[in-house]
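In my numbering, the protein residues as written are 557 to 737.
Note that CB positions come from ideal geometry on N, CA and C, so glycine has one too.
To start, the structure under review is shown below, and the notes come after it.
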Amino acid sequence: MVLGVSCAVVVVPACGRQGSADPTAPASSALVSSASASLSQDELYAEAERVYRAYFELEQQAFLEGGVNGVPVEMNQYIMGKYSLMFSDILAQMAKNGWRMKPGTREQIGMMRNAPEMTGEYSVVTIRVCIDSNNSPLVDSNGVTVGAGFDLNSVFFKYDNDGNLKIYGSTGESVDSCDVS
557 MVLGVSCAVV VVPACGRQGS ADPTAPASSA LVSSASASLS QDELYAEAER
607 VYRAYFELEQ QAFLEGGVNG VPVEMNQYIM GKYSLMFSDI LAQMAKNGWR
657 MKPGTREQIG MMRNAPEMTG EYSVVTIRVC IDSNNSPLVD SNGVTVGAGF
707 DLNSVFFKYD NDGNLKIYGS TGESVDSCDV S
């Protein structure tokens, strides 16, 4: 089990407080059209990567804290909707069970690439990310490992009502290594 965007066994993180858009509603077509029309595919992917990396940094801190401080307010600028709600639930589960990422460690992004072949409902761009938590396991209050490994995730992005690109969903699976495409 890994702590990244998606964990197969114990935790399925998706960070943040309620996003600014309705989690079940599509992004406004006018916003998507104007925002995506102004960015090339390379620029759109670069923006998705920037958003993901900023989200990942905040996620790492929340996992080190074991969810006890809740979801960082700053997460709102990177995630939205059901993804936000799911991460909030994960942090509450971690705090309740006394789980946290092993102190002094951090997960690693083993691979990140644009994934135009992966589509999500309303997605304007999708990236594939492999997270390695072997050196940063999830531990219980006694320091016993409750999960670690590699997770391969498809991360879906769309524009919120303010025109900001945000993570709104993901799928993931445990894999044997990050040497995947």
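Nearest candidate by alpha-carbon position, reference Glu673, set Val681, Glu613, Gly666: Residue numbering aside, residue 673 sits at position 117 when the sequence shown is read from its first letter. Nearest option by C-alpha distance: Val681.
Supposed contact pair Ser726 and Tyr639 - C-beta distance, whole angstroms, cut 8 Å: As a working mapping, residue 639 is identified with position 83 in the sequence shown. As a working mapping, residue 726 is identified with position 170 in the sequence shown. Indeed, because the Cβ distance is near 7 Å, the residues count as touching under 8 Å.
Same chain only: Cβ atoms within 6 Å of Ser697, ignoring 5 sequence neighbours per side: Here residue 697 corresponds to residue number 141 of the sequence shown, with the count starting at 1. Cβ neighbours of Ser697 beyond the five flanking positions: Gly654.
Three-way DSSP call (helix, strand, coil) for Tyr678 in this model: What you label residue 678 is simply residue 122 of the sequence shown in a count that begins at 1. Correct three-state label for Tyr678: coil.
Residue environment, Ser689, which counts as buried when at least 16 other CB atoms sit within 10 Å: Position 133 of the sequence shown, counted from the first residue, corresponds to residue 689. It counts as buried.
Contacts around Val607, its chain only, beta-carbon distance under 8 Å, and the 5 residues preceding and following it disregarded: Locating residue 607 in the sequence shown gives position 51, counting from the first residue. The answer, listed in chain order, is Tyr634, Phe713, Leu721, Lys722, Ile723.
Whole-angstrom distance between Asp716 and Tyr678, CA atom to CA atom: Position 122 of the sequence shown holds residue 678. Position 160 of the sequence shown holds residue 716. Spanning the two alpha carbons is a distance of roughly 11 Å.
Counterpart residues of Asp707 in DSSP-defined beta bridges: Residue mapping note: residue 707 aligns to position 151 of the sequence shown, counting from 1. Paired residues: Ile687, Ser730.
Status (buried if at least 16 other CB within 10 Å, exposed otherwise) for Arg609: As a first step, residue 609 must be located in the sequence shown, where it is residue number 53. Under this definition Arg609 is an exposed residue.
Segment limits, alpha helix (DSSP H) that includes Met642: Walking along the sequence shown from the start, residue 642 turns up at place 86. It spans 637 to 653 - the alpha helix (DSSP H) in which Met642 sits, taken as one unbroken run.
DSSP state of Leu600 mapped onto helix, strand, coil: Your numbering for residue 600 matches position 44 in the sequence shown. DSSP places Leu600 in helix when its eight states are reduced to three.
Cβ pair Gly728, Asp707 closer than 8 Å: For the purposes of this step, residue 728 is identified with residue 172 of the sequence shown, where counting begins at 1. For the purposes of this step, residue 707 is identified with residue 151 of the sequence shown, where counting begins at 1. In this structure, Asp707 lies closer than 8 Å to Gly728 by Cβ.
Exposed unless 16 or more other CB atoms sit within 10 angstroms - verdict on Val685: Locating residue 685 in the sequence shown gives position 129, where the first residue counts as 1. Val685 comes out buried.
Spatial neighbours of Pro693 in its chain, beta-carbon cut-off 7 Å, leaving aside the 5 residues before and after: Looking up residue 693 in the sequence shown gives position 137. Only Lys658, Thr701, Gly703, Ala704 meet the Cβ criterion.
Residue of Leu595, Ile683, Leu641, Asp645 minimising C-alpha distance to Ile665: Counting from one through the sequence shown, the residue named residue 665 turns up at place 109. Ile665 has its Cα closest to that of Ile683, out of Leu595, Ile683, Leu641, Asp645.
Anticipated Cβ contact below 8 Å, Leu614 with Glu630, distance rounded: The residue given as residue 614 occupies position 58 in the sequence shown. The residue given as residue 630 occupies position 74 in the sequence shown. The Cβ separation is near 6 Å, so the contact holds.
Beta bridge counterpart(s) of Thr661 as assigned by DSSP: Position 105 of the sequence shown, counting from 1, holds the residue named residue 661. Answer by DSSP bridge pairing: none, since Thr661 is not bridged.
Beta-carbon spacing of Asn517, Tyr601 below 8 Å: Beyond the ends of the chain as shown, which are 557 and 737, falls residue 517; an answer cannot be given.
Option nearest Cys734 by Cα separation, candidates Ile687, Phe612, Gln597: Locating residue 734 in the sequence shown gives position 178, counting from the first residue. Per the Cα distances, Ile687.
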